[in-house]
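Those sequence lines, one after another, are chains A and B.
Going by the working numbering, the first residue of the first sequence is number 1, and it counts up by one from there.
Going by the working numbering, the first residue of the second sequence is number 1001, and it counts up by one from there.
Note that the Cβ used here is the ideal one computed from N, Cα and C, for glycine as well.
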Amino acid sequence: MSALLQVRELSRHYGLRVGCEDVSFELHPGELLCIVGESGSGKSTLLNTVAAQLSPSSGSVRYRQRSGHWLELGALSEADRRRLAREEWGFVTQNPRDGLRLNVSAGANVAERLMALGMRNYSQLRHIARGWLERVEIDPSRIDDAPTSFSGGMQQRLQIARTLVTQPRLVFMDEPTAGLDVSVQARILDLLRRLVNELGLAAVMVTHDLAVARLLAARTIVMQGGRVVETGLTDQILDDPQHPYTQLLVSSVLTT
Amino acid sequence: MTAALMLELRDLSKSFELHHQHGARLNVLRGLDLRLHAGECVVLSGPSGAGKSTLLRVIYANYRPSFGVVHVRHDDRWIDLAKATPHEVLDVRRRTLAYVSQFLRVIPRVPALDIVAEPLLQTGVDGPQARDRAGDLLRRLNVPERLWALPPSTFSGGEQQRVNIARGLIVRRPILLLDEPTASLDAENRDVVAQLLAEARAAGSAVLGIFHDEDMRDRVATRLFPMQALEAA
């Protein structure tokens, strides 16, 4: 099967400080890949650089479009990158307040990305928004309420609806369940798991939580100090970690 | 006609290097050779610590071998899982290699029926058909129908184990790896599992397993493969 995304020797520095260094990986259609590591390991920098929200210091990111045509992201204009993000990608941030528009209704938050793609029919937009609220288990009667009146877990589910409503081919997620209560987390993870399967999404997810990687991702990348120290099947990495840092991570998890 | 060779291990070794335990090294398997044919059921025998579970996990590519070859027949070609890419391993697991452990890995909020149906869905079978088949298996394994819609986290050990067996057997895969799948089952349910294994073998699957229960071992094994702990050997 042919890859959807190819990352080659990607580095991003902040002045003299290393964000991420010499990272290569491929992502196939319909596959969810987790990037794990502690805070400061460079995983969010890597995600943002791959998603073209930060410009790389060196290396390349290639993306295969719906048309089958390969794009070299570094060679795109800002306008083309924005169009790609709007039409074929989605991004879910850790804090839903960063990914939502807080001053408009829940329904408008879901509809906005569709409108950006040119859909204008109000009743159709409202119909789709209702459907997506139900899909992420938000009572559709809350469609006209502002997200500020929602709990953190509801806001995160709303952000997921807002991101997936355009049926993106590739989704980037930065710690989508961090900072939520465990019961709320379980609901969001179950939701993501189902939606990824139903929609055949490809996704790259950053998490510090190895249990999240085990639940959602067939493959995992482990980062330390900006570099990839281990990569492979998630169950292999968690059950038979090879690198000292991965062994430390795995052995530090509390099991109940 | 002799039965087709399905799995071949050559000179297989596995050690664990524990970087945070002063670099301790545990040698669990060394120079192991094994051949498994379609229709046979080879039972690994030997004391605890002999590496039986480790061997099954190495074959499933859950553990990485330190040395040697894990040849698996996959769509009539041979793949060495010791060298295969993650995507190749995933495809082999989806269609050729099943692994059933003692313990069900529970997924929060997912009902038993869906946990069982999932491997079949992943082979492209549609939802209703996969759930029908999952229901058939759960019924055969005497899991009461009122439990099917519930997540198995609150089930008894034996019920969870039966859900796990159903999940492992729902896709007919040519090689079955079984790590004590009947440890918490009563006699009646062990009978059902023995029958299911006999049916899988009759349909051409090769089985490699660990069964501590002697009665169960005698019923299912066509051959024993003795193993010993390396440090004691």
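Where residue i meets chain A, residues with beta-carbon distance less than 7 Å
i, result
"Leu1090 of chain B", "Ala218"
"Ile1107 of chain B", "Leu215"
Chain B contact residues for residue i, given Cβ-Cβ distances below 8 Å
i, result
"Ser2 of chain A", "Residues of chain B passing the Cβ test: none, with the nearest at roughly 11 Å."
"Gln247 of chain A", "Leu1018, His1019 and His1020"
"Pro244 of chain A", "His1019 and His1020"
"His28 of chain A", "His1087"
C-alpha gap between residue i and residue j, whole angstroms
i, j, result
"Asn197 of chain A", "Leu216 of chain A", "10 Å"
"Lys1083 of chain B", "Asp174 of chain A", "32 Å"
"Leu124 of chain A", "Asp145 of chain A", "Reading the sequence as shown, one finds Gln at residue 124 of chain A and not Leu. Rounded to the nearest angstrom, the two C-alpha atoms are 19 Å apart."
"Thr256 of chain A", "Ala211 of chain A", "With a pLDDT of 49 at Thr256 of chain A, under the threshold of 50, the predicted position of this residue should be treated as unreliable, and no value is reported."
"Pro1119 of chain B", "Ile1170 of chain B", "7 Å"
"Gly1039 of chain B", "Ser1205 of chain B", "5 Å"
"Leu192 of chain A", "Gln1228 of chain B", "45 Å"
"Gly107 of chain A", "Gly1124 of chain B", "34 Å"
"Val1072 of chain B", "Arg194 of chain A", "31 Å"
"Leu1224 of chain B", "Asn48 of chain A", "54 Å"
"Ala1233 of chain B", "Lys1052 of chain B", "Note on Ala1233 of chain B: pLDDT 44, under 50, position unreliable in the model; the coordinate value appears next. Taking the straight line joining both Cα atoms gives about 15 Å."
"Arg1172 of chain B", "Glu1188 of chain B", "23 Å"
"Gly225 of chain A", "Ala1003 of chain B", "52 Å"
"Leu1005 of chain B", "Ala1117 of chain B", "29 Å"
"Pro1086 of chain B", "Leu46 of chain A", "21 Å"
"Pro244 of chain A", "Gln1161 of chain B", "34 Å"
"Arg1077 of chain B", "Trp89 of chain A", "37 Å"
"Ile128 of chain A", "Ala111 of chain A", "8 Å"
"Arg1133 of chain B", "Leu233 of chain A", "29 Å"
"Leu199 of chain A", "Met1216 of chain B", "43 Å"
"Leu954 of chain B", "Pro1111 of chain B", "Lying before the first or after the last residue shown, residue 954 of chain B is absent from chain B, which here runs from 1001 to 1233."
"Pro1128 of chain B", "Leu1176 of chain B", "25 Å"
"Arg1094 of chain B", "Ala1202 of chain B", "21 Å"
Environment of residue i [buried if 16+ CB atoms lie within 10 Å]
i, result
"Ser252 of chain A", "exposed"
"Leu5 of chain A", "buried"
"Leu189 of chain A", "buried"
"Trp70 of chain A", "exposed"
"Asn121 of chain A", "exposed"
"Met115 of chain A", "exposed"
"Pro1047 of chain B", "exposed"
"Ala1024 of chain B", "exposed"
"Arg66 of chain A", "exposed"
"Gly40 of chain A", "exposed"
"Asn103 of chain A", "exposed"
"Phe91 of chain A", "buried"
"Ala52 of chain A", "buried"
Chain-ordered neighbours of residue i on chain B, where CB pairs are closer than 7 Å
i, result
"Gly232 of chain A", "Pro1086"
"Ser264 of chain A", "With chain A covering 1 to 256 only, the question about residue 264 of chain A has no answer from this structure."
"Ala186 of chain A", "Pro1108 and Arg1109"
"Asp190 of chain A", "Pro1108, Arg1109 and Val1110"
Chain B residues whose Cβ lies nearer than 9 Å to that of residue i
i, result
"Gln236 of chain A", "Ala1061, Asn1062, Tyr1063, Arg1064, Pro1086 and Val1089"
CB contact below 8 Å: residue i versus chain D
i, result
"Asp239 of chain A", "Protein chains in the displayed structure are A and B, and chain D is not among them."
To test your reading of the DSSP string, which unbroken beta strand (DSSP E) runs of 3 or more residues are found completely within the segment 1017-1067 of chain B? 1024-1037 and 1041-1045
Going residue by residue through the segment 4-55 of chain A, where are the continuous beta strand (DSSP E) segments of at least 3 residues, counting only ones entirely within it? Within the segment 4-55 of chain A, the complete beta strand (DSSP E) runs of at least 3 residues are 5-14, 17-27 and 32-36.
Residues from the segment 1048-1073 of chain B in contact with chain A, defined by Cβ distance under 8 Å: Arg1057, Ala1061, Asn1062, Tyr1063 and Arg1064
Kindly provide the ranges of any beta strand (DSSP E) runs that are 3 or more residues long and lie completely inside the segment 1164-1229 of chain B, ordered along the chain. 1175-1179, 1206-1210 and 1223-1226
Length-filtered (4 minimum) alpha helix (DSSP H) runs lying within the segment 121-195 of chain A: 122-135 and 152-164
Listed in chain order, which residues of the segment 1107-1129 of chain B have Cβ atoms closer than 7 Å to some Cβ of chain A? Ile1107, Pro1108, Arg1109 and Val1110
Starting from the N-terminal side, write out each stretch of the beta strand (DSSP E) that is 3 residues or longer and does not extend beyond the segment 59-128 of chain A. 70-72 and 89-92
Along the segment 157-183 of chain A, where does the CB come closer than 8 Å to a CB of chain B? Name the residues. none
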